[in-house]
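Have a look at the structure below before the remarks.
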Amino acid sequence: MPTRSWRCTAAGMTKKPGERADQTVTRTLPEWWVPVLESIAGIRLDSTADLRRVAAAVRELSHYLNDTAERRESTTRYMNSTRAREAYLLYFSTVNLLKLLPALRELNATDVLQTARLRVLDVGCGPGTGVAGLHAFFQDRSERPILDITAADAVQSNVRSYARAAELIAAQTGIVTEVRETPFNLATPRGIDEEYDLIIGMNVLNELPRGKRKGAMQWLGEHLSANGHLLVIEPALRETSRELLELRDYAVETGWTVFAPCFRQADCPALQKATDWCHHDVPWQRPGFIEAIDEEIGNVKHSLKFSYLLLNRHDSTLGDHLDTDDPHRVVSELFVEKGRTWCYSCSAAGREVLQRNKRDRGEANMDFDALERYDIIEMNGIERREHDNRVPPGGTVRRITAD
Numbered sequence: 015m016p017t018r019s020w021r022c023t024a025a026g027m028t029k030k031p032g033e034r035a036d037q038t039v040t041r042t043l044p045e046w047w048v049p050v051l052e053s054i055a056g057i058r059l060d061s062t063a064d065l066r067r068v069a070a071a072v073r074e075l076s077h078y079l080n081d082t083a084e085r086r087e088s089t090t091r092y093m094n095s096t097r098a099r100e101a102y103l104l105y106f107s108t109v110n111l112l113k114l115l116p117a118l119r120e121l122n123a124t125d126v127l128q129t130a131r132l133r134v135l136d137v138g139c140g141p142g143t144g145v146a147g148l149h150a151f152f153q154d155r156s157e158r159p160i161l162d163i164t165a166a167d168a169v170q171s172n173v174r175s176y177a178r179a180a181e182l183i184a185a186q187t188g189i190v191t192e193v194r195e196t197p198f199n200l201a202t203p204r205g206i207d208e209e210y211d212l213i214i215g216m217n218v219l220n221e222l223p224r225g226k227r228k229g230a231m232q233w234l235g236e237h238l239s240a241n242g243h244l245l246v247i248e249p250a251l252r253e254t255s256r257e258l259l260e261l262r263d264y265a266v267e268t269g270w271t272v273f274a275p276c277f278r279q280a281d282c283p284a285l286q287k288a289t290d291w292c293h294h295d296v297p298w299q300r301p302g303f304i305e306a307i308d309e310e311i312g313n314v315k316h317s318l319k320f321s322y323l324l325l326n327r328h329d330s331t332l333g334d335h336l337d338t339d340d341p342h343r344v345v346s347e348l349f350v351e352k353g354r355t356w357c358y359s360c361s362a363a364g365r366e367v368l369q370r371n372k373r374d375r376g377e378a379n380m381d382f383d384a385l386e387r388y389d390i391i392e393m394n395g396i397e398r399r400e401h402d403n404r405v406p407p408g409g410t411v412r413r414i415t416a417d
């Protein structure tokens with residue numbers, strides 16, 4: 015298997031003044047991403063004619079990706095075409111690369127990312143989303159490990175595209191990146207014997223037949239290092255999100271630990287009703303070329319919606335690294351009604367309604383007004399009732415930053 019390594023000068027993105035230093039920051043693309051895309055596709059992303067051609071390919075690809083049954087029948091066919099791979103990279107990788115950042119920020123509470131060489135397995139890697147997300151995360155960090163990546167995909171053309179994207183990105187960020195190009199199918203895993211600090215699976219579960227998922231989890235667990243983590247990211251659709259939650263419950267039953275987003279190691283409350291699911295929703299600054307493609311194909315990507323799991327085999331949880339004994343995760347938007355404001359929160363105890371009446375608003379609970387989906391909070395002085403938890407005038411609600 016060929017290994018490629020690049021070392022170049024840094025050219026990163028700086029954080030804007032006033033941005034929140036946690037997972038709910040409005041995300042912007044790294045400044046190097048557009049030049050990388052233009053170099054790979056040989057187009058100009060400010061060209062109307064070029065974008066129309068891209069939009070036509072994205073429309074076809076969207077139809078295929080949204081047809082889950084068809085995709086499972088042929089998980090490799092749609093990415094064998096250069097046109098499809100470039101469309102995926104231009105549109106879907108642009109949308110998806112920033113989805114790694116919230117999970118990586120939380121994982122950074124541990125020391126697994128703080129290493130001289132980070133061994134990464136990117137399963138079903140596609141044409142380069144994962145390596146772009148890793149560079150977007152590490153580019154502004156004082157500690158920037160060598161990224162030792164095994165790019166594994168059933169489509170050989172994908173891993174070649176991945177390696178090319180890694181080369182161009184590394185030339186911009188200055189982060190040493192080594193890519194091993196590996197033909198691999200998680201449904202019938204073979205050919206990889208190493209252990210990894212981080213295994214990434216983005217949009218892989220929904221392409222894997224249900225009958226293969228338990229075996230895949232066993233294989234993935236066997237290929238984690240002693241302090242390694244598995245990061246699974248799936249679309250925020252009800253079907254795909256619930257399938258991820260079902261996998262979560264199976265993982266917990268078979269000895270895995272949920273590091274994040276859950277603070278609960280028992281069954282997931284969102285699976286109790288068939289209409290429920292759980293997902294993140296991150297605001298982002300939609301670039302002009304994505305807006306133009308959206309207008310052509312009728313999509314709307316105003317924010318980044320996705321579901322994720324960070325799992326490990328060594329009993330480590332995000333709660334172990336927070337300065338509270340009872341962390342809660344906000345798992346809905348904030349609902350503002352005439353007499354009250356409320357949301358759903360989830361903790362070790364399960365999912366509960368958290369509400370504050372308008373008359374109870376005070377300085378101690380002011381953070382409640384700014385709560386966003388997937389915020390981590392600590393509460394004190396809360397009135398626990400049969401159907402909800404009430405924030406009284408003296409009750410405190412405090413947002414906690416994981417990283």
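Here the numbering used here = 1-based position in the sequence shown + 14.
Every residue gets a Cβ at the ideal spot worked out from N, C-alpha and C, and that includes glycine.
Based on the DSSP output, what are the partners of residue i in its beta bridges?
i    : result
S53  : For S53, which the question treats as bridged, DSSP gives no partner whatsoever.
K454 : Any answer about residue 454 is impossible in this case: the structure gives the chain only from 15 up to 417.
M231 : Answer is none; M231 lacks a bridge partner.
T268 : Note: T268 sits in no beta bridge, so no partner.
L245 : I214, L324
L238 : Y210
D96  : At residue 96 the sequence reads Thr, which differs from the Asp that was named. Bridge partners of T96: none, in fact.
T410 : N394
F349 : W356
N313 : BP columns for N313 are empty, so no partner.
R41  : W298
Short of 6 Å in beta carbon distance, which residues of its chain neighbour residue i, apart from the five on each side in sequence? Order them along the chain.
i    : result
L245 : A117, I214, L324
E209 : H237, S239
H342 : S359, S361, I391
P283 : G364, R365
I160 : R131, V190
R97  : A71
Report the CB separation of residue i from residue j in whole angstroms; it is logged as a contact under 8 Å.
i    : j    : result
T415 : M393 : That belief does not hold up - the Cβ atoms of T415 and M393 are roughly 16 Å apart, past 8 Å.
L115 : G147 : 7 Å
N172 : P141 : 5 Å
L51  : L112 : Contact doesn't hold; Cβ gap of about 14 Å is too wide.
S317 : V350 : Actually they do not touch by this definition, with Cβ atoms about 18 Å apart.
R327 : W291 : That pair is no contact at about 26 Å.
H293 : S255 : 5 Å
D374 : P406 : 6 Å
A101 : V68  : 6 Å
L332 : C357 : About 19 Å; that fails the 8 Å criterion.
Helix or strand or just coil, what does DSSP make of residue i?
i    : result
F273 : strand
T254 : helix
G364 : strand
I307 : helix
F198 : coil
P31  : Here P31 scores only 30 on pLDDT, less than 50, and its place in the model is too uncertain to base an answer on.
R300 : coil
N379 : helix
H77  : helix
T355 : strand
V344 : strand
V68  : helix
R399 : coil
R373 : helix
R404 : strand
S61  : coil
Y388 : coil
L114 : helix
T338 : coil
W20  : For W20, the predicted model reports a pLDDT of 35, less than 50, meaning its position is unreliable; a value from the coordinates is still stated below. Strand at W20.
W46  : coil
S107 : helix
K226 : helix
A416 : coil
R262 : helix
A101 : helix
Given residue i, which residues of its chain have a CB within under 7 Å of its CB, disregarding the five upstream and five downstream residues?
i    : result
R412 : D381, I391, E392
A35  : Reliability of the predicted coordinates at A35 is poor, the pLDDT of 37 falling under 50, and no value is obtained from them.
N110 : T143, M216
F151 : L114, L115, L118
K372 : G353, R354
Q128 : E157
Please go through the same chain and pick out, in chain order, the residues whose beta-carbon is closer than 8 Å to the beta-carbon of residue i, but skip the five residues on each side of it.
i    : result
H401 : V367
L261 : L219, R227, M231, V246, L323
R58  : E52, D64
Cβ of residue i versus every heavy atom of the ligand HEM: is any distance shorter than 7 Å?
i    : result
L127 : Only the bare structure without any ligand can be found here, which leaves the ligand HEM out of the picture.
Practice item. Would you list, in sequence order, the uninterrupted beta strand (DSSP E) runs of no fewer than 3 residues that lie entirely inside the segment 121-158? Key: 131-137
Check your understanding: In chain order, which beta strand (DSSP E) runs of at least 3 residues are fully inside the segment 161-224?
Key -> Counting only runs of 3+ residues, the beta strand (DSSP E) found wholly inside the segment 161-224 occupies 191-197, 210-216, in chain order.
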